[in-house]
Amino acid sequence: MEKDISKLDPKKYILIKGAKLHNLKNIDVAIPKNKLIVITGMSGSGKSTLAFDTLYAEGQRRYVESLSSYARQFLGKLNKPQVDYIHGIAPAIAIQQKVNSTNPRSTVGTSTEIYDYLKLLYARIGKTYSPITGELVQKDSVTDVIDFMKTYPAESKFILGIDLIIPEERTFVEHLSILQQQGFTRLSIDGNQVKIEDLISFNFDPQPDNKVSLLIDRISIPQEAEDSFFHRLADSIETAFFEGKGNIKLLHVDEKVIKNFSNKFEADGMIFNEPNTHFFSFNNPYGACPTCEGYGKIIGIDEDLVIPNKSLSIYEDAIAAWKGDKMSEWKNFFLKAATKVDFPIHKPYYELSEDQKDFLWRGNSSWEGLDGFFKMVEQNTYKIQYRVMLSRYRGKTICPTCKGRRLRLETNYVKINDKAISELVDLPLNELNEFFQSIVFSDFDRQVANRIIYEIGSRLQFLLDVGLDYLSLNRASNTLSGGESQRINLATSLGSSLVGSMYILDEPSIGLHSKDTERFVTILHRLRDLGNTVIVVEHDEDIMKAADYIIDIGPEAGTNGGEVVFQGTYEELLKADTLTGKYLNQKLEIEIPNKRIKPKNFLKIIGARENNLKNIDVKFPLNMLTVITGVSGSGKSTLMKDILTPALERHFEIYGNRIGESDGLIGDLAQLKGIELIDQNPIGKSSRSNPVTYVKAYDDIRNLFAVQKASKLNGFQAKHFSFNVDGGRCDACKGEGTITIEMQFMADVDLVCEECNGDRFKKSVLEIKYQDLSISDVLNLTIDEAIEFFNTHAQKKIVDKLKPLQDVGLGYVKLGQSSSTLSGGEAQRVKLAYFLTKGETADKTLFIFDEPSTGLHFHDIKKLIKALRALIDLGHSVFVIEHNMDIIKVADWIIDLGPEGGKHGGKLVAEGTPEDIIKIKESFTGQFLKEKLI
Numbered sequence: 001m002e003k004d005i006s007k008l009d010p011k012k013y014i015l016i017k018g019a020k021l022h023n024l025k026n027i028d029v030a031i032p033k034n035k036l037i038v039i040t041g042m043s044g045s046g047k048s049t050l051a052f053d054t055l056y057a058e059g060q061r062r063y064v065e066s067l068s069s070y071a072r073q074f075l076g077k078l079n080k081p082q083v084d085y086i087h088g089i090a091p092a093i094a095i096q097q098k099v100n101s102t103n104p105r106s107t108v109g110t111s112t113e114i115y116d117y118l119k120l121l122y123a124r125i126g127k128t129y130s131p132i133t134g135e136l137v138q139k140d141s142v143t144d145v146i147d148f149m150k151t152y153p154a155e156s157k158f159i160l161g162i163d164l165i166i167p168e169e170r171t172f173v174e175h176l177s178i179l180q181q182q183g184f185t186r187l188s189i190d191g192n193q194v195k196i197e198d199l200i201s202f203n204f205d206p207q208p209d210n211k212v213s214l215l216i217d218r219i220s221i222p223q224e225a226e227d228s229f230f231h232r233l234a235d236s237i238e239t240a241f242f243e244g245k246g247n248i249k250l251l252h253v254d255e256k257v258i259k260n261f262s263n264k265f266e267a268d269g270m271i272f273n274e275p276n277t278h279f280f281s282f283n284n285p286y287g288a289c290p291t292c293e294g295y296g297k298i299i300g301i302d303e304d305l306v307i308p309n310k311s312l313s314i315y316e317d318a319i320a321a322w323k324g325d326k327m328s329e330w331k332n333f334f335l336k337a338a339t340k341v342d343f344p345i346h347k348p349y350y351e352l353s354e355d356q357k358d359f360l361w362r363g364n365s366s367w368e369g370l371d372g373f374f375k376m377v378e379q380n381t382y383k384i385q386y387r388v389m390l391s392r393y394r395g396k397t398i399c400p401t402c403k404g405r406r407l408r409l410e411t412n413y414v415k416i417n418d419k420a421i422s423e424l425v426d427l428p429l430n431e432l433n434e435f436f437q438s439i440v441f442s443d444f445d446r447q448v449a450n451r452i453i454y455e456i457g458s459r460l461q462f463l464l465d466v467g468l469d470y471l472s473l474n475r476a477s478n479t480l481s482g483g484e485s486q487r488i489n490l491a492t493s494l495g496s497s498l499v500g501s502m503y504i505l506d507e508p509s510i511g512l513h514s515k516d517t518e519r520f521v522t523i524l525h526r527l528r529d530l531g532n533t534v535i536v537v538e539h540d541e542d543i544m545k546a547a548d549y550i551i552d553i554g555p556e557a558g559t560n561g562g563e564v565v566f567q568g569t570y571e572e573l574l575k576a577d578t579l580t581g582k583y584l585n586q587k588l589e590i591e592i593p594n595k596r597i598k599p600k601n602f603l604k605i606i607g608a609r610e611n612n613l614k615n616i617d618v619k620f621p622l623n624m625l626t627v628i629t630g631v632s633g634s635g636k637s638t639l640m641k642d643i644l645t646p647a648l649e650r651h652f653e654i655y656g657n658r659i660g661e662s663d664g665l666i667g668d669l670a671q672l673k674g675i676e677l678i679d680q681n682p683i684g685k686s687s688r689s690n691p692v693t694y695v696k697a698y699d700d701i702r703n704l705f706a707v708q709k710a711s712k713l714n715g716f717q718a719k720h721f722s723f724n725v726d727g728g729r730c731d732a733c734k735g736e737g738t739i740t741i742e743m744q745f746m747a748d749v750d751l752v753c754e755e756c757n758g759d760r761f762k763k764s765v766l767e768i769k770y771q772d773l774s775i776s777d778v779l780n781l782t783i784d785e786a787i788e789f790f791n792t793h794a795q796k797k798i799v800d801k802l803k804p805l806q807d808v809g810l811g812y813v814k815l816g817q818s819s820s821t822l823s824g825g826e827a828q829r830v831k832l833a834y835f836l837t838k839g840e841t842a843d844k845t846l847f848i849f850d851e852p853s854t855g856l857h858f859h860d861i862k863k864l865i866k867a868l869r870a871l872i873d874l875g876h877s878v879f880v881i882e883h884n885m886d887i888i889k890v891a892d893w894i895i896d897l898g899p900e901g902g903k904h905g906g907k908l909v910a911e912g913t914p915e916d917i918i919k920i921k922e923s924f925t926g927q928f929l930k931e932k933l934i
């Protein structure tokens, strides 16, 4: 299906000739410019190798080559991709599925630049209000004083005065002498005007209760005031502000004060900070909350540890720290104090109002509060029992000063349309967008803010278009999922409006409900229409339909992949004889089960109310395939990861994760002996971890090499064939095969170890062969090749452990492939394979999978469903958080949350079989599922 690219114009196409990295089979590809291109194919067919390791790597290398020789010395040399040539390449931007920031200071607001514009907006047009009176705080200028005088009729007479300020180092008379020398002639003492020269001659010394004012000028407004009059008046006012240290007063001739003026930023006895961008920055000491230093969290007393079960009342021992004979005295003392303020001691903690919780924690004049209790504990930490107690209740908690908003409290005095900046950053993005659309400005403020508002509005719209309306600007970047992080990067790229670039995206539809995919396609088209080439590695059918051009890599995975099996439009792909084409035209399909398993045993979460969950009760049937669905931000992960998983862990006496707020877990818990949350985190903690070690097949392979005759002659044992311990592994790279070079301000680069050439072992160990293969050769076999090899040589024990990896669609992965090179979806399937290797012997376990369809082609999803069914056949229970309609349609039971995300989500919209769900009008999942079932 490859085209002759030699005659194509590099101005219209990106031309890749002879790509042969990894499993690519010397392919030629022509990618039309300024189009939306989808690269699809089975997992392991070579899609990412073509898009990222070839195309993006060349773009990155050319960028480095374009830098000065001085800059390049810090970056090292990037290897040229294994390709004959690439012509017509544009500057490349890769947006991958990983959370880019581990910095706890990074937020959605800072990474999208919206917060930078928000700071600028508040610094330029924010109005400061006194927290005492609520009045606007303003500095008075010379013009303000003159304008005030102009409101009086002509011939009005005024006196401009200041309160006399005497420096500490001078006496009263000494200071009067200096004032006389400066040209001032009169003082007012208790309302009586006196000449300065008379006071000096009498050596007058005022009493502390005397009110002494310096009269700066006497003013009479003429009938027709000329400019020269106002110039002289302005000079007098300027002098008054200087001599009065910023404060002046305007008096009638009878010395009654008409009005006080100040050119200081103060009111009601408070001095306020003048707004600037640093004042609103939590990454700057000037603006950051002094308690948490801008992190929003501190190490303190963790409310969730002190009150682990919030459905209990104070009377029912909700306060864990007040149990036992000694500490219960505090409970008794509180119960007495509670009667005085009518505190509801029998009401569950979660139902208490904020004022009631504040009384419990902060106390009042008759009660010290829980804060006082823990202060007492801290003061007694010289006793071991108090140290133990304190450590039990310490944790990362919301900063009590700024309430997690990161900024110093004084920023709350500065408002726009009655909202402080810290209130805006906590709003969901859709509500923030509504605020900016309805905001009302004065003419002057609108002129200043117009451009800033436009930049904020356009960036917010991009985030809404990629389905992230439930996030807030204050959400920490390191708490985002890979899909959310990728879509934020995409929205940020759109905000910068680059033109003539090449965007390469890695499955951006991950985490997107079918409802949001349509809006997301609009974003991709907008990026293309700006004049960019958008290349998407993707399996989603809706995104393929929206593509201008599709490249299908295959025909299968690993050594059976690496070829271009199709290039063309979606309509042409429907007629193509490729795996992708067959699934799209339904010659092949993922079959709907003839019969759904009927639920018999249930778990039930009661009163789930963590994050946006609306106090819902949810039933989870066991011993079947249960799928939890809903739009992004509807509460799926909160329900499954923050409530159900830790609640079950607590049942199995596993402590460590806090349980999200609910009234508890009930049901047929005796049916289960364990719980496994299988997410997309890497397998193992070391980059030396790999599939063959994870499924415990490597022990048998090492033993096989250890019993070879050459091993015995050299005194080699099984440990010498391990790259995790010293002995047989390469000493230079410690068994990694690569050495990581730190690249200063760019991503680190892994270079092949020069000592072992990437083989990981010493030469003496590599000389030991089994059936003509060294240990390094075996590790370089794919799962498919290894199964065939060990089958041929009757190593059934090893084959049995590797077979589940093949069954979950990972036949293309190499035995020794580093865990750091596996995608999230691949890592998840390795974990699944590990449990399949246990077979009937495994305890009955509840498996919770978080989007296992990530990175999977239709054909791979078919294999995945078969593997999940194998777990159920072994007696396990499988819960899956998923958006993929092919997995949802084969579920025995669906729990649909929503209806929307964020504040408008968190409800149980529907539960039942897929056939039940499609009848529920409120269910977005049901609407899209209907097409798959009918």
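For the sequence shown, position 890 matches number 890 in UniProt numbering, and the numbering has no gaps at all.
No residue lacks a Cβ here, since even glycine has one placed at the ideal position from N, Cα and C.
No experiment lies behind these values; they were computed from the predicted model shown.
Q: My understanding is that leucine 215 touches glutamine 193, with C-beta atoms under 8 Å, so please give their C-beta distance in whole angstroms.
A: The residue labelled residue 215 in the question sits at position 215 within the sequence shown. The residue labelled residue 193 in the question sits at position 193 within the sequence shown. Indeed they touch by this definition, with Cβ atoms about 7 Å apart.
Q | Extent of the continuous alpha helix (DSSP H) to which glutamate 676 belongs | A | By one-based count along the sequence shown, residue 676 stands at place 676. Here glutamate 676 belongs to no alpha helix (DSSP H); instead the beta strand (DSSP E) covers 674–678.
Q) Rounded to whole angstroms, how far is the Cβ of lysine 323 from the Cβ of aspartate 317, which I believe are closer than 8 Å? A) The sequence position of residue 323 within the sequence shown is 323, counting from 1. The sequence position of residue 317 within the sequence shown is 317, counting from 1. Correct: roughly 6 Å between the Cβ atoms.
Q.
Please give me, in chain order, every unbroken run of the beta strand (DSSP E) with length at least 3 that falls completely inside the segment 323–401.
A. As far as the segment 323–401 is concerned, its whole beta strand (DSSP E) runs of at least 3 residues are 394–398.
(Q) Just verifying my parser: in three-state terms, what is the DSSP assignment at glutamate 572? (A) Your numbering for residue 572 matches position 572 in the sequence shown. Three-state result, glutamate 572: helix.
Q | Endpoints, alpha helix (DSSP H) assigned at leucine 432 | A | Here residue 432 refers to the residue found at position 432 when the sequence shown is read from its first residue. Per DSSP, leucine 432 belongs to the alpha helix (DSSP H) from 429–438.
Q) What residue ranges within the segment 781–820 form continuous alpha helix (DSSP H) runs of no fewer than 4 residues, ordered along the chain? A) 783–792 and 796–807
Q | DSSP beta-bridge partners of methionine 502 | A | As a first step, residue 502 must be located in the sequence shown, where it is residue number 502. Note: methionine 502 sits in a beta bridge opposite Ala92 and Thr533.
Q) By how many angstroms is the C-alpha of glycine 660 removed from the C-alpha of asparagine 332? A) Sequence index remark: in the sequence shown, residue 332 carries index 332 (1-based). Sequence index remark: in the sequence shown, residue 660 carries index 660 (1-based). So the two alpha carbons sit approximately 28 Å from each other.
Q.
Let's see if you can read the secondary structure: which residues bound the beta strand (DSSP E) around isoleucine 189?
A. Reading the sequence shown from its first residue, position 189 is the one you call residue 189. Counting along the chain, the beta strand (DSSP E) containing isoleucine 189 begins and ends at 186–189.
Q) Is it true that the CB of glycine 500 sits closer than 8 Å to the CB of phenylalanine 90? A) As a position in the sequence shown, residue 90 is number 90, starting the count at 1. As a position in the sequence shown, residue 500 is number 500, starting the count at 1. Looking at the sequence shown, residue 90 is not phenylalanine but alanine. Closer than 8 Å, so yes.
Q | Neighbourhood of glycine 727 by C-beta distance below 7 Å, restricted to the same chain and skipping five residues each side | A | Sequence index remark: in the sequence shown, residue 727 carries index 727 (1-based). Once the five neighbours on either side are set aside, the close Cβ partners of glycine 727 are Lys719 and His720.
Q. Hey, threonine 533 and isoleucine 14 are a contact pair by Cβ (cut 8 Å); roughly how many whole angstroms apart?
A. For the purposes of this step, residue 533 is taken as residue 533 along the sequence shown, with counting starting at 1. For the purposes of this step, residue 14 is taken as residue 14 along the sequence shown, with counting starting at 1. Confirmed, about 7 Å.
Q. For isoleucine 189, which of Glu329, Phe202, Gly183 and Pro206 has the nearest alpha-carbon?
A. Reading the sequence shown from its first residue, position 189 is the one you call residue 189. Comparing Cα positions, the closest option is Pro206.
(Q) Taking the straight line between their C-alpha atoms, what separation do you get for histidine 278 and serine 632? (A) As a working note, residue 278 is residue 278 in the sequence shown. As a working note, residue 632 is residue 632 in the sequence shown. So the alpha carbons of these two residues sit roughly 34 Å apart.
Q. Roughly how many whole angstroms lie between the Cα atoms of aspartate 469 and asparagine 430?
A. For the purposes of this step, residue 469 is taken as the residue at position 469 of the sequence shown. For the purposes of this step, residue 430 is taken as the residue at position 430 of the sequence shown. So the alpha carbons of these two residues sit roughly 5 Å apart.
Q) Touching or not, the segment 290–298 and the segment 402–417, by the rule of three or more beta carbon pairs under 8 Å? A) yes
Q. Going by C-alpha distance, which of Ser236, Phe52 and Gly44 is nearest methionine 502?
A. Counted from its first residue, the sequence shown places residue 502 at position 502. Ranking Ser236, Phe52 and Gly44 by Cα distance to methionine 502 puts Phe52 first.
(Q) Once the 5 residues before and after serine 493 are set aside, which same chain residues still bring their CB inside 8 Å of it? (A) By 1-based counting over the sequence shown, the position of residue 493 is 493. Counting only Cβ-Cβ distances below 8 Å, and skipping sequence neighbours, we find Ile93, Ile95, Tyr503 and Leu527.
Q.
I'd like to check one pair, glycine 906 with serine 634: are the Cβ atoms closer than 8 Å?
A. For the purposes of this step, residue 634 is identified with residue 634 of the sequence shown, where counting begins at 1. For the purposes of this step, residue 906 is identified with residue 906 of the sequence shown, where counting begins at 1. Against a cut-off of 8 Å, the Cβ pair of glycine 906 and serine 634 comes out as a contact.
Q.
Checking 8 Å against the spacing of the C-beta atoms, do alanine 321 and methionine 389 come in under that value?
A. What you label residue 321 is simply residue 321 of the sequence shown in a count that begins at 1. What you label residue 389 is simply residue 389 of the sequence shown in a count that begins at 1. Yes, these two residues count as a Cβ contact at 8 Å.
Q: Going by DSSP, name the residue or residues bridged to lysine 139.
A: Start at 1 with the first residue of the sequence shown, and residue 139 comes out as number 139. Paired residues: none, contrary to the question.
Q. Can the beta-carbon of leucine 573 be found closer than 8 Å to that of valine 692?
A. The sequence position of residue 573 within the sequence shown is 573, counting from 1. The sequence position of residue 692 within the sequence shown is 692, counting from 1. Contact: no.
Q. What did DSSP end up calling aspartate 548 once you bin it into helix, strand or coil?
A. The sequence position of residue 548 within the sequence shown is 548, counting from 1. Here aspartate 548 sits in coil by DSSP.
Q. If you check the beta carbons only, do phenylalanine 716 and glycine 735 fall under 8 Å apart?
A. For this step, residue 716 is matched to residue 716 along the sequence shown. For this step, residue 735 is matched to residue 735 along the sequence shown. Contact: no.
Q: Please go through the segment 3–79 and give each complete alpha helix (DSSP H) segment of 4 or more residues, from N-terminal end onward.
A: 57–66 and 69–75
Q: Assess, as a yes-or-no matter, whether the segment 549–565 is touched by the segment 27–39 under the definition of 3 or more beta carbon pairs within less than 8 Å.
A: yes
Q: Output yes or no for whether 8 Å exceeds the beta carbon distance between aspartate 268 and threonine 133.
A: In the sequence shown, the residue the question calls residue 268 occupies position 268. In the sequence shown, the residue the question calls residue 133 occupies position 133. The answer is yes: Cβ separation under 8 Å.
**Q.** proline 682 versus Ile605, Ser823, Met624 and Asn560, residue with shortest Cα-Cα distance
**A.** Along the sequence shown, one-based indexing puts residue 682 at 682. Nearest of Ile605, Ser823, Met624 and Asn560 to proline 682, Cα basis: Ser823.
Q) Roughly how many angstroms lie between the CA atoms of serine 228 and lysine 249, to the nearest whole one? A) Translated into positions along the sequence shown, residue 228 becomes position 228. Translated into positions along the sequence shown, residue 249 becomes position 249. So the two alpha carbons sit approximately 23 Å from each other.
Q) For isoleucine 237, is the classification buried or exposed, using 16 other Cβ atoms within 10 angstroms of its Cβ as the cut-off for buried? A) Counting from 1 along the sequence shown, the entry for residue 237 is found at position 237. Buried.
Q. Hey, leucine 871 and phenylalanine 835 are a contact pair by Cβ (cut 8 Å); roughly how many whole angstroms apart?
A. Position 871 of the sequence shown, counted from the first residue, corresponds to residue 871. Position 835 of the sequence shown, counted from the first residue, corresponds to residue 835. Confirmed, about 7 Å.
Q) Where does methionine 640 fall in DSSP's three states? A) Within the sequence shown, numbered from 1, the residue matching residue 640 stands at position 640. If DSSP states are grouped into helix, strand and coil, methionine 640 belongs with the helices.
(Q) Considering just the uninterrupted stretch of the alpha helix (DSSP H) at asparagine 612, what are its terminal residues? (A) Counting from 1 along the sequence shown, the entry for residue 612 is found at position 612. Per DSSP, asparagine 612 belongs to no alpha helix (DSSP H) and is neither H nor E.
Q: Inspect the beta-carbon positions of leucine 490 and valine 521 and report whether they are closer than 8 Å.
A: Locating residue 490 in the sequence shown gives position 490, where the first residue counts as 1. Locating residue 521 in the sequence shown gives position 521, where the first residue counts as 1. In this structure, valine 521 does not lie closer than 8 Å to leucine 490 by Cβ.
Q: Measure the C-alpha to C-alpha separation of threonine 128 and isoleucine 452 and round it to an integer number of angstroms.
A: As a working mapping, residue 128 is identified with position 128 in the sequence shown. As a working mapping, residue 452 is identified with position 452 in the sequence shown. Answer to the nearest angstrom: the Cα atoms are 20 Å apart.
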